[in-house]
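Undergrad:
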Amino acid sequence: MIDDIEATGRLQTQIEAALPLPARPTPELLEMLRQQSPDMKLAPSCRIVAISYAGDEGGIVCKLDFGADQTGHAAYVSLTHLRFDPRLPMARAIETYQRRRVKGLRAAATSPPPR
Numbered sequence: 027m028i029d030d031i032e033a034t035g036r037l038q039t040q041i042e043a044a045l046p047l048p049a050r051p052t053p054e055l056l057e058m059l060r061q062q063s064p065d066m067k068l069a070p071s072c073r074i075v076a077i078s079y080a081g082d083e084g085g086i087v088c089k090l091d092f093g094a095d096q097t098g099h100a101a102y103v104s105l106t107h108l109r110f111d112p113r114l115p116m117a118r119a120i121e122t123y124q125r126r127r128v129k130g131l132r133a134a135a136t137s138p139p140p141r
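Letter by letter, the sequence shown follows residues 27 to 141 in my numbering.
Here is the structure:
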């Protein structure tokens with residue numbers, strides 16, 4: 027298991043209660059989105075407008091809103107590709123989830139497949 031299901035569920039509930047939630051995409055995410063949708067206007071900040079849990083493989087997935095002029099464009103990304111204002115009440119919980127998830131993904135990638 028990559029995610030702690032109980033902790034992830036609690037975090038998901040917190041985030042859902044706070045939507046829309048301001049976030050900043052990582053530079054790598056912005057570059058990937060620009061390559062995939064060159065006509066999409068991307069700002070250095072966005073809002074999470076919806077979330078879902080994509081299982082242990084996908085983790086918490088966020089639907090991003092980059093502004094009103096982006097009708098018809100939707101970006102769905104992993105929570106691990108977003109950064110948050112440290113003053114946000116749940117910032118520490120999000121950062122803990124991100125660190126644990128990345129560590130779990132690395133461990134899963136290096137472990138041998140089950141027999």
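For every residue, glycine included, the Cβ atom is placed at its ideal position computed from N, Cα and C.
All figures in this text were calculated on a predicted structure; none of them were measured in a lab.
Would you list the residues sitting across from P51 in a DSSP beta bridge?
TA: BP columns for P51 point to L108.
Undergrad: Just curious, the alpha helix (DSSP H) that K143 is in, first and last residue?
TA: Because the chain spans 27 through 141 in this model, residue 143 falls outside it and cannot be assessed.
Undergrad: If I measure Cβ to Cβ from I77 and keep anything under 8 Å in the same chain, skipping five residues before and after, which residues do I get?
TA: Cβ neighbours of I77 beyond the five flanking positions: Q38, I41, E42, L45, I86, V87, C88, K89, L105.
Undergrad: Hey, how far is the Cα of A133 from the Cα of T34?
TA: Those two C-alpha atoms are separated by around 18 Å.
Undergrad: Cα-Cα, which of A69, P64, L47 is closest to P53?
TA: Answer by Cα proximity: A69.
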